[in-house]
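For reference, the structure is listed below as structure tokens.
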Amino acid sequence: MYICLNDGSDTRINKEVTTLATQFDVHYVGIGRGTDRSFAAGHCRTFTLVRGHHKQPLTFLRFWLRVAGRLLGRRYASVHVINEQLVLLFYPLLYPVRRRVVLDVFDSIFLRVRRQLGWLQRLAYGLPRVLIVTDANRHGLLPARYRPKAVVVENYPYKFSQPVPKPGRAGELTIFYNGSMSLSRGTALLQGLLETHPGVRVKMAGWVYDEPTRQLSGHPGVEFLGVITQQESMRVAAGCDYILSLYEPINENNINASPNKIYDAIQAGTPVVINREVKIARWVEENRLGYVMDSFYAPAAGLAPELLRRKSEFAFPEPLRNAYTWEAVAPKLLAAHTP
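Residue numbering for the sequence shown follows full-length UniProt numbering, beginning at 1 and increasing consecutively.
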């Protein structure tokens, strides 16, 4: 059983479900409408979505009842739960089957708040048999007592080897903005670049989370592609000059982000633009994988000429591309579900 708040369109969720389906019948329960963008649906034995928004109390109640009905109605070989809040929400239902629970932490709620919530951590991390985190840094941020049962399953993309030509016009700069898009992910910077440099073009794909980003998607210099598959996203990324990967340093979750865009960049051969406050920016700089801004809050003025000047300086050697693929780490996900 696979429990999450997504409608099956999320890139990592789709990769995980596709991998799990090679050895298990996957029974998916999430929240959303269900559209042709619910990419995970085709890999599931059953695919159930509770209509509504996950922040609506009535939707959450219906979601809880649906999951309860499934958990009480049959025995599952394994129960895969996305993020700590769902383990806490379903704690009474999950406790009896705790030896079969796998908690997969994409974005930790405990890194989003400044308060010490040790008792909630003990509940969330103490219950499951296995914890999954997305990189070694986040593994090190877990309380020490829970690290032995944690496994790192990196958020790498599928291997991509399709040749896609880069933009060739002198003075033109094309930036790919994708995934979760909001002011805290770089909307204001792109707006500034579009206003200060006539050669800037932006391609957007993913989920719009605020009004300024919605307005950006309608700018004449922006092409909005909606929600697309990872392979479609890789083709777009490969045809751009840069991939935007900014995180406003407003909480530990953002500072310790493990952006899949960096690994997309390696496969696509397209450098990222990332801010120095994010810890992984140092690794990006050391490996010449992209341009590191001094700060998330750095002004857009003068940035476009600098990006144009440096866009040919970055390197993506074949050994690096072969190492950072989903195919290389998928066996760890399957092993987490095999006692």
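Built from N, CA and C at the ideal position, the CB exists for glycine as well.
All of these numbers come straight from a predicted model, not from anything done at the bench.
Where the alpha helix (DSSP H) through residue i begins and ends
i, result
"Y263", "N260 to A268"
"T187", "T187 to T196"
"M234", "Q230 to A238"
"K15", "T11 to L20"
"L334", "W326 to A336"
"N254", "E252 to I255"
"R214", "E211 to S217"
Inter-residue CB distance, residue i and residue j (contact presumed, cutoff 8 angstroms)
i, j, result
"I243", "A265", "5 angstroms"
"T187", "L216", "5 angstroms"
"L127", "V87", "6 angstroms"
"Y263", "N155", "7 angstroms"
"P249", "E277", "4 angstroms"
"N251", "L111", "6 angstroms"
"V101", "V67", "V101 to V67, Cβ: 13 angstroms. No contact."
Exposure of residue i, with buried meaning 16 or more beta-carbon neighbours within 10 Å
i, result
"residue 342", "Past the boundaries of the shown model lies residue 342; the chain is included only from 1 to 339, so the question cannot be answered."
"W326", "buried"
"R201", "buried"
"D10", "buried"
"T213", "buried"
"H53", "exposed"
"T19", "buried"
"A323", "exposed"
"P317", "exposed"
"T46", "exposed"
"E16", "buried"
"Q191", "buried"
"L65", "exposed"
"D241", "buried"
"S233", "buried"
"K261", "buried"
"G179", "buried"
"P157", "buried"
First and last residue of the uninterrupted beta strand (DSSP E) at residue i
i, result
"Y177", "L173 to M181"
"I280", "First-last for I280: undefined, no H or E at that position."
"V222", "V222 to F224"
"G30", "H27 to I31"
"L289", "Where L289 is concerned, there is no enclosing beta strand (DSSP E), given that its DSSP letter is neither H nor E."
"R201", "V200 to V208"
"V272", "V272 to N275"
"L5", "Unbroken run through L5: none, as it is neither H nor E."
"N244", "Per the sequence shown, residue 244 should be read as Leu rather than Asn. From DSSP, the beta strand (DSSP E) with L244 extends over Y242 to L244."
"A150", "A150 to V152"
Any chain D beta carbon closer than 8 angstroms to residue i
i, result
"N251", "Of the protein chains in the structure, only one exists, and it is not chain D."
Quick one: which unbroken beta strand (DSSP E) runs of 3-plus residues sit fully inside the stretch 73-98? Chain order, please. The qualifying runs are 79-82.
3-residue-minimum beta strand (DSSP E) runs that sit fully inside the stretch 103-147, ordered along the chain: Taking only runs of at least 3 residues, the beta strand (DSSP E) segments lying wholly in the stretch 103-147 are 130-133.
Every unbroken beta strand (DSSP E) within the stretch 291-319, with a cutoff of 3 residues, ordered by chain: With a minimum length of 3 residues, no continuous beta strand (DSSP E) run stays inside the stretch 291-319.
Between the stretch 162-172 and the stretch 136-150, can you find at least three pairs of beta-carbon atoms closer than 8 angstroms? Per the Cβ contact rule, the stretch 136-150 is not in contact with the stretch 162-172 (fewer than 3 Cβ pairs under 8 angstroms).
Is there contact between the stretch 1-17 and the stretch 32-40, where contact requires at least three CB pairs shorter than 8 angstroms? With a cut-off of 8 angstroms, the stretch 32-40 and the stretch 1-17 count as touching, because enough Cβ pairs lie within range.
Give, in chain order, every unbroken run of the beta strand (DSSP E) that is at least 3 residues long and sits entirely within the stretch 30-75. Runs found: 46-50.
Count Cβ pairs between the stretch 227-237 and the stretch 116-135 that sit closer than 8 angstroms; are there 3 or more? Contact fails: fewer than three Cβ-Cβ distances are below 8 angstroms.
Measuring CB atoms only, is the stretch 218-225 touching the stretch 85-103, in the sense that at least three cross pairs come out at less than 8 angstroms? No: fewer than three Cβ pairs fall under 8 angstroms.
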